[in-house]
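To start, the structure under review is shown below, and the notes come after it.
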Amino acid sequence: MIRDSKGNRILLASLLAIAFVLLTVDARAGDSSPFGPLRGLGSAIFAPVQRTVEFLARPITGTVSALGRVGEHEAEIERLREENGELRTKLSEIQSERDVSTQLSGLLTAATRGSYRIVPARVIAMGPEQGFSRTVAVDSGSRDGIHRGMSVVTGAGLAGRVVSTGPHTATVLLIADPVSSVGVRVGDSGEVGTVTGGGGDLLRLQMFDPHAPVAKGDVLVTFGSLGGRPYVAGVPVGEVVQVNPLRGGLTRTAMVRALVDPTAVDVVGIVVETARTEVRPTLPAGTG
Amino acid sequence: MMTYGRITAVAVTLVLVVAVQLSVLTRLPGPGTPDLVLVVVVALAVAKGVRVGVISGFSAGLLLDVLPPADHALGHWAFVLCLIGGIAAVAAHELQDVPFAPLLVLGSAALLAPVLFALLGALVGDPRSQLVATLKVLPAELVYALLLGPFVVPLVGRLVRERRNEVFR
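Next up, the structure:
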């Protein structure tokens, strides 16, 4: 079995060297990696295999999930539509509790109430846990209008954001991923912070203001960003389960339970269009 | 040396195994995920030697790095599985006369692979690498590998077997 062992050693060393070079180049380059198109190509070529395997294995994954969890039966799309309606109502309720002046409040509420356009998609693959990354592949891609940066939601709340697309698949970075960080508002007080993934369904919240009032049971919603990418505003993210004591640190931290279980995402909606297309008018300073 | 037919069979098997790993196995609940790709790579290495082990490890790893939903740096799994393939083949050769050698090699690979992955990640500055979390998941990985081994290793052996009267150890 070890004939020509010198040749084998050279082969091993060369392949390891190639892999290491690929690794360092890709790791350093990050988002502008030259291998980005390779991933899109791989996704395009192997998407049929992945989707077929997932489809064929649905009885198994479905049965195991049903054994392990309560609920989650068929007609998920219909359920998502219903919950979408409930989600919009919840969004309005949360926003109306915010402590802002009536003029700005009217502008914001009108601009963000409802009317997210959502493309439904199904999870067809998950990243391996040993790899630490919490990502899933879904079966909608650029041909369906999906682009990088779009928010991904479920009936329960925010699931993640799209980080890359192929023609018929997209890779979604879940909020549970250690690399994911979401800007959030704490429900009652409107205080601003960031939520980072911890690998499971517990997230870490960091408040910018160390004296910001955060309590167990507070619900966090997304703060939102320009154009709704990477995150649209007002989507529930999680619930605070434990506030860490302020031990002389500069920021206050808390543990948050995500509303979306990262191991159970199946049917998701990708927000392709937010309502606000009009330019928000600037207000002169001092306007109340 | 393998015939083209057998090489194709192995290539198709690797693609299917990676697809099953990402679309089925990772979605099952429970601590850790059974690493079918690792078991198949080790089985190939044990059955056919260093060259096959190294090349199939590299290819399978590269597939894992490229296919959605991979979001980590390209080459990470390629490096780890390539090295594991080589080590497994050498170990299997050295332990030829030891009973249950393939399972021993498989068990060691199941413990070694996640640790290598985490160390390599730390080396290149992957912000997600967590050695502590890896160590916690090792016992489960060992159990999964030892459960899959007795089924997968003989199947792979049958796939790549050369002569009908070759005794598969």
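These protein sequence lines map, in sequence, to chains S and A.
For the record, in the first sequence the residue sitting at position 66 is 1174 according to the working numbering, with numbers rising by one throughout.
For the record, in the second sequence the residue sitting at position 164 is 371 according to the working numbering, with numbers rising by one throughout.
Heads up, the beta-carbon is just placed ideally off N, CA and C, and yes, glycines get one too.
Alpha-carbon spacing of residue 239 of chain A relative to residue 328 of chain A, whole angstroms: By 1-based counting over the second sequence, the position of residue 239 of chain A is 32. By 1-based counting over the second sequence, the position of residue 328 of chain A is 121. Straight-line Cα distance between these residues: approximately 18 Å.
Residue 340 of chain A: which of A:363, A:325, A:236 sits nearest, CA to CA? If you number the second sequence from 1, residue 340 of chain A lands on position 133. Among A:363, A:325, A:236, the Cα nearest to that of residue 340 of chain A belongs to A:325.
Could you please tell me which residues of the region 1247-1280 of chain S, in chain order, have their CB closer than 8 Å to any CB of chain A? Against chain A - using a Cβ distance shorter than 8 Å - the residues of the region 1247-1280 of chain S are 1271, 1272, 1274, 1277, 1278, 1279, 1280.
Within 8 Å, do at least three Cβ pairs link the region 225-243 of chain A to the region 253-262 of chain A? With a cut-off of 8 Å, the region 225-243 of chain A and the region 253-262 of chain A do not count as touching, because too few Cβ pairs lie within range.
What residues from the region 278-296 of chain A come within 8 Å of chain S, judged by C-beta to C-beta, listed N to C? Those would be 278, 279, 280, 281, 282, 283, 284, 285, 286, 289, 290, 293, 296, in chain order.
Pairing CB atoms from the region 1241-1251 of chain S with CB atoms from the region 272-291 of chain A, are three or more of them under 8 Å? The region 1241-1251 of chain S, when compared against the region 272-291 of chain A, does touch it at the 8 Å Cβ threshold.
How is the alpha helix (DSSP H) around residue 228 of chain A delimited, first residue to last? Within the second sequence, the letter at position 21 stands for residue 228 of chain A. Taken as a continuous stretch (DSSP letters only), the alpha helix (DSSP H) holding residue 228 of chain A covers 211-230.
Look at the Cβ atom of residue 292 of chain A, then the Cβ atom of residue 352 of chain A, and state whether they are nearer than 8 Å. The sequence position of residue 292 of chain A within the second sequence is 85, counting from 1. The sequence position of residue 352 of chain A within the second sequence is 145, counting from 1. Cβ distance not < 8 Å, so residue 292 of chain A and residue 352 of chain A don't count as in contact.
Which of the three DSSP states is assigned to residue 1376 of chain S in this structure? Position 268 of the first sequence, counted from the start, is the residue given in the question as residue 1376 of chain S. DSSP places residue 1376 of chain S in strand when its eight states are reduced to three.
Mind checking which residues open and close the beta strand (DSSP E) that includes residue 1260 of chain S? Here residue 1260 of chain S refers to the residue found at position 152 of the first sequence. Where residue 1260 of chain S is concerned, the enclosing beta strand (DSSP E) stretches over 1259-1261.
Just to confirm the assignment, what range does the alpha helix (DSSP H) spanning residue 1133 of chain S have? By 1-based counting over the first sequence, the position of residue 1133 of chain S is 25. Where residue 1133 of chain S is concerned, the enclosing alpha helix (DSSP H) stretches over 1113-1137.
So the candidates are A:272, A:209, A:234; which of them puts its Cα closest to the Cα of residue 222 of chain A? One-based indexing of the second sequence puts residue 222 of chain A at position 15. Considering only alpha carbons, the answer is A:272.
Tell me, which residues are paired with residue 1151 of chain S by DSSP? Your numbering for residue 1151 of chain S matches position 43 in the first sequence. Its beta-bridge partners do not exist; DSSP assigns none.
Would you kindly work out how many angstroms separate the C-alpha atoms of residue 246 of chain A and residue 1321 of chain S, rounded to a whole number? For the purposes of this step, residue 246 of chain A is identified with residue 39 of the second sequence, where counting begins at 1. For the purposes of this step, residue 1321 of chain S is identified with residue 213 of the first sequence, where counting begins at 1. Distance between the alpha carbons of residue 246 of chain A and residue 1321 of chain S: 51 Å.
Under 9 Å by beta carbon: chain S residues contacting residue 315 of chain A: Translated into positions along the second sequence, residue 315 of chain A becomes position 108. Neighbours of residue 315 of chain A in chain S, taken as residues whose beta carbon is under 9 Å from its own, are absent, since the nearest beta carbon is some 16 Å off.
Is it the case that the CB of residue 353 of chain A approaches a heavy atom of the ligand ZN more closely than 7 Å? Although the ligand ZN was asked about, the structure shown includes no ligands whatsoever.
Of the choices A:357, A:336, A:322, whose alpha-carbon is the least far from that of residue 290 of chain A? Position 83 of the second sequence, counting from 1, holds the residue named residue 290 of chain A. Of A:357, A:336, A:322, the residue nearest in Cα terms is A:322.
Spatial distance of residue 349 of chain A from residue 317 of chain A (CA atoms): Indexing the second sequence from 1 puts residue 349 of chain A at position 142. Indexing the second sequence from 1 puts residue 317 of chain A at position 110. For residue 349 of chain A and residue 317 of chain A, the distance between alpha carbons rounds to 6 Å.
Residue 365 of chain A lies in the alpha helix (DSSP H); which residues open and close that run? Position 158 of the second sequence, counting from 1, holds the residue named residue 365 of chain A. Looking at the DSSP string, the run of the alpha helix (DSSP H) that includes residue 365 of chain A is 338-367.
At what residues does the alpha helix (DSSP H) containing residue 330 of chain A begin and finish? On the second sequence, residue 330 of chain A is found 123 positions in, with the first residue counted as 1. Under the DSSP assignment, residue 330 of chain A falls in the alpha helix (DSSP H) whose first and last residues are 308-330.
Environment of residue 212 of chain A [buried if 16+ CB atoms lie within 10 Å]: For the purposes of this step, residue 212 of chain A is identified with residue 5 of the second sequence, where counting begins at 1. Residue 212 of chain A should be labelled exposed.
Among A:233, A:218, A:305, A:298, nearest to residue 264 of chain A - alpha-carbon criterion: Position 57 of the second sequence, counting from 1, holds the residue named residue 264 of chain A. Ranked by Cα distance from residue 264 of chain A, the options A:233, A:218, A:305, A:298 are led by A:218.
Give the straight-line distance between the Cα atoms of residue 233 of chain A and residue 320 of chain A, rounded to the nearest whole angstrom. One-based indexing of the second sequence puts residue 233 of chain A at position 26. One-based indexing of the second sequence puts residue 320 of chain A at position 113. Near 17 Å, if we compare the C-alpha coordinates of residue 320 of chain A and residue 233 of chain A.
Spell out whether any CB of chain A is found under 8 Å from the CB atom of residue 1309 of chain S. Working through the first sequence from its first residue, we reach residue 1309 of chain S at position 201. Closer than 8 Å: no.
Say whether the region 1307-1314 of chain S touches the region 1356-1375 of chain S, bearing in mind that this needs 3 or more beta-carbon pairs closer than 8 Å, one atom from each stretch. Touching, yes, given that three or more Cβ pairs across the two stretches are closer than 8 Å.
Under the three-state reduction of DSSP, which class applies to residue 1277 of chain S: helix, strand or coil? The residue labelled residue 1277 of chain S in the question sits at position 169 within the first sequence. Reduced to three states, the DSSP call for residue 1277 of chain S is coil.
For the region 1264-1283 of chain S against the region 1370-1381 of chain S, are there 3 or more C-beta pairs whose distance is under 8 Å? Three or more beta-carbon pairs drawn from the region 1264-1283 of chain S and the region 1370-1381 of chain S are found closer than 8 Å, and the two stretches are therefore classed as touching.
Within chain A, partners of residue 1299 of chain S - CB distance below 9 Å: Taking the first sequence and counting its residues from 1, one reaches residue 1299 of chain S at position 191. Ordered by position in chain A, no residue passes the 9 Å Cβ test against residue 1299 of chain S, which lies about 26 Å from the chain.
I believe residue 1302 of chain S touches residue 1290 of chain S by the beta-carbon criterion, under 8 Å. Please report the beta-carbon distance rounded to the nearest angstrom. Walking along the first sequence from the start, residue 1302 of chain S turns up at place 194. Walking along the first sequence from the start, residue 1290 of chain S turns up at place 182. Indeed, because the Cβ distance is near 7 Å, the residues count as touching under 8 Å.
Are the beta-carbon atoms of residue 1260 of chain S and residue 1269 of chain S separated by less than 8 Å? Taking the first sequence and counting its residues from 1, the one referred to as residue 1260 of chain S is at position 152. Taking the first sequence and counting its residues from 1, the one referred to as residue 1269 of chain S is at position 161. Against a cut-off of 8 Å, the Cβ pair of residue 1269 of chain S and residue 1260 of chain S comes out as a contact.
Whole-angstrom distance between residue 302 of chain A and residue 308 of chain A, CA atom to CA atom: By one-based count along the second sequence, residue 308 of chain A stands at place 101. By one-based count along the second sequence, residue 302 of chain A stands at place 95. Cα-Cα distance, rounded: 6 Å.
Neighbourhood of residue 1381 of chain S by C-beta, 6 Å cutoff - its chain only, sequence neighbours within 5 removed: If you number the first sequence from 1, residue 1381 of chain S lands on position 273. Result list for residue 1381 of chain S: 1225, in chain order.
Within 8 Å of any Cβ in chain A, is that where the Cβ of residue 1147 of chain S sits? Walking along the first sequence from the start, residue 1147 of chain S turns up at place 39. Chain A contact via Cβ: present.
Alpha carbons only, please: which of S:1349, S:1129, S:1309 is nearest the one belonging to residue 1327 of chain S? For the purposes of this step, residue 1327 of chain S is taken as residue 219 along the first sequence, with counting starting at 1. When each option's Cα is compared against that of residue 1327 of chain S, the closest is S:1349.
Pairwise C-alpha distance: residue 311 of chain A and residue 1140 of chain S: Translated into the one-based positions of the first sequence, residue 1140 of chain S becomes position 32. Translated into the one-based positions of the second sequence, residue 311 of chain A becomes position 104. Between residue 1140 of chain S and residue 311 of chain A, the C-alpha separation is close to 42 Å.
Along the region 1151-1169 of chain S, what residues have a CB closer than 7 Å to any CB found in chain A? Going along the region 1151-1169 of chain S in chain order, one finds 1151, 1154, 1157, 1158, 1161, 1162, 1165, 1168, 1169 with a Cβ nearer than 7 Å to chain A.
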